[in-house]
Every structure is written in structure tokens, then in C-alpha cells.
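The structure under discussion appears below in the form of C-alpha cells.
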Amino acid sequence: MSGQNQTPEKGKTEKNRTEKLMKRNTAYKKRQNLYQKIAFSLMRLAVVVTMAVLIIIIGDIILKGYPAISIGFLTQMPTNQMTEGGILPAIVGTIQLVILSLLVAVPLGIITAVYLAEYAADGKVKRIIEQAVNNLAGTPSVVFGLFGMALFVMYLGLPLSLLTASLTMGLLIMPVIIRTAQEALIAVPKEYREASAALGVTKWETIRRVILPSAFSGMITGIIISTGRAAGETAPILFTGAVFFYPRLPDSVFSPFMALSYHLFVMATESINIELTREIQYGTALVLLAIVFSMNLIAVGIRRHYKKKSFSSH
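Last residue of the sequence shown: number 307 in my numbering, and the count goes up by one each step with no gaps.
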């Protein structure tokens, strides 16, 4: 009889315990769903705020800069201390600066990334190099400008010119290219290396024919970021070769040059009559934005091409 009486009590106890666990699980799931909804709402809000700010800035530049855009503004030389005429030298100088900077930074950056990702053994030396690259990526651009002036102009004796500005800008954007290229190389599956080694291919041939083509689409990301920075930075070229008024195109890489970013900076801060040149300032900003956007589109197209080519080959 005693056993029969205890059985229902045990059943009730187990039932109550199960109900409590179910209630706890239900409450926990509700809290988690609430936290998830709050987190997603905050992320959506952050995206909306970011996009709204971006649209406001770009819209303001387009609305105020579009009236200044004309064939003459894009193709003529500046006159009357940049208060009249066009900005052709600044456009050409900016494009030349970006191209030369990338020619300096991309090969050196990719070579360094290949060494760090494929050859350097894990150890103190590798950690020091990676830390140095990270520190350089966060160094203010004005420091690079002063360093470029001290090294290339004062120590090596190069003139203030397109060349010294490009070398300085190349040093500025190189850390970003190194880090993105290194991450792209690390992301290539190990199976590619193992399969190539099993066929008796040397390590360098594996890197050149397999690893680099597979990683190149990821490397383009760093190049895209670097393109925008090279076109928009002012401090590095301020000390190394850019001038405000130079009404002709550079004769060579040893000539001074005009750049849109520096031109815009001077007009907005040091112009005799800022209100008189307000439309030119916005027009210059719009042209600079269009150049950066166009270069980024070209880089994105190259990345997609190599990405499709990589997928089709593997």
C-alpha cells in the first residue's frame, strides 16, 4: 500500500519539475527573442542612419556642385588665381598621383604579403613585422607627409614633385594593401597547396599559378580602399609636391602638380574670397567624388572578373 501511495506523489513531483523546466525554457526563449529583436533593430537603425548621412552628404555635394560642372570647367586651365577657368591640371594630377602611388604600393605590398603568408615562419620576427604593419596602417597621414619630405626631399635630394608625392602616398597606402593581401592569401584553401605539391610543382610555381590568382579577387578590396585614400588625402602631398596654382600639366614626374584634394583644401580655408569660390569648391568636390567612384567601379569590375575566373578554373 505504501508503494502505491508513493507512486502518484513521485509522478506529481516529476510533472511539476518538467513544467518548471518548460516554463524556464519558454521564458529563456522569449528573452533571447527579445534580445535578438533589439539587436537587429539597432543594426537596422545603424544602417539607416549611416545611409541617411551618406545620402545627405552626397546629395548636398551634387546639388551645390552640379551648377559648376561644364565642359570648360573640366577641360580648361585655371585663371585668375583659380577663381576662374577650369580644373584640368588638378584632375590630371589627381589621376597621375593615384596611378603612380598604386604602382609603388601594390607590388611591394603583395610581395610583403606573400612573404608573411607563405614563407615567414610563425615566430617573433613575423609578429614584429605584422605589428609594425598594423601600426603604420593607423599612423596619421600628416606623419607620412613629414616623413616623405624628410626622406625623399631633404635626405635623397629629390625635388618637390609628382614623384616624391607618389612615393609618399605609396608608403601611406601600402599597409592596407599588405593586410588585405595577406588575409586573402591565408583564405585560399590548403587543399590547393597540397594538390599542387602532390603533382611535384615547386612552391613558387604554386604561389604564382595557383595561390595568387585565387587570392587576387580578395586583394582588390585593399586596392579599392587605397584608391580612395590616395585620391582624397591632402597632408602627404602638402609637404611633397602639390601646389595650389599651376596652370599647366606636369611635364614629367619631377614637376610640381595640382591635386583636387589640395586644391579644395586651399580654396575652402585660405581663399581671399571664400564665398566667391563656393561653387567652384563644390564642383571640385563633385569631380573628386566622381573620379574616386569611377576608379572603384573599375576595381570592382576587375575583382568580379578574377573571381569568376578563379571559380571556373577550380
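Every residue gets a Cβ at the ideal spot worked out from N, C-alpha and C, and that includes glycine.
| Query | Result |
| --- | --- |
| Entirely enclosed alpha helix (DSSP H) segments - the stretch 126 to 184, minimum 4 residues | 134 to 141 and 155 to 180 |
| Completely contained alpha helix (DSSP H) runs for the stretch 229 to 262, where each covers 4 or more residues | 253 to 262 |
| Secondary structure of Gly78, DSSP reduced to three states | strand |
| Rounded separation between Asn18 and Met36 - CA only | 27 angstroms |
| Environment of Ile298 [buried if 16+ CB atoms lie within 10 Å] | A quick correction: the sequence has His, not Ile, at residue 298. So His298 ends up on the exposed side. |
| Per-residue DSSP class, three states only, for Thr105 | helix |
| Among Val169, Leu205 and Met288, the one whose alpha carbon lies nearest that of Val126 | Val169 |
| Cutoff 8 angstroms; reference Ile230; Cβ partners in own chain excluding five residues on either side | Leu90, Gly138, Ala158, Thr161, Met162, Ala252, Ser254 and Tyr255 |
| Any 3 or more C-beta pairs closer than 8 angstroms across the stretch 269 to 288 and the stretch 235 to 254 | yes |
| Inter-residue spacing [alpha-carbon to alpha-carbon] between Gly211 and Glu268 | 44 angstroms |
| Integer Cβ distance of Phe258 from Ser154, believed to fall under 8 angstroms | About 19 angstroms separates the two Cβ atoms, so there is no contact after all. |
| Which residues DSSP lists as bridging Thr72, in chain order | Glu77 |
| Which of helix, strand or coil DSSP assigns to Ile50 | helix |
| From Phe66, Ala32 and Ala106, residue whose alpha carbon lies closest to that of Ala177 | Ala106 |
| Distance between beta carbons of Tyr239 and Pro82, contact taken as under 8 angstroms | 6 angstroms |
| Glu198 versus Ile80: straight-line alpha-carbon distance, rounded | 47 angstroms |
| Residue nearest to Val97 in terms of C-alpha spacing, selected from Ala61, Ser287, Ala223 and Lys13 | Ala223 |
| Closest residue to Pro60 among Ile48, Leu156, Ala113 and Thr270 (Cα-Cα distance) | Thr270 |
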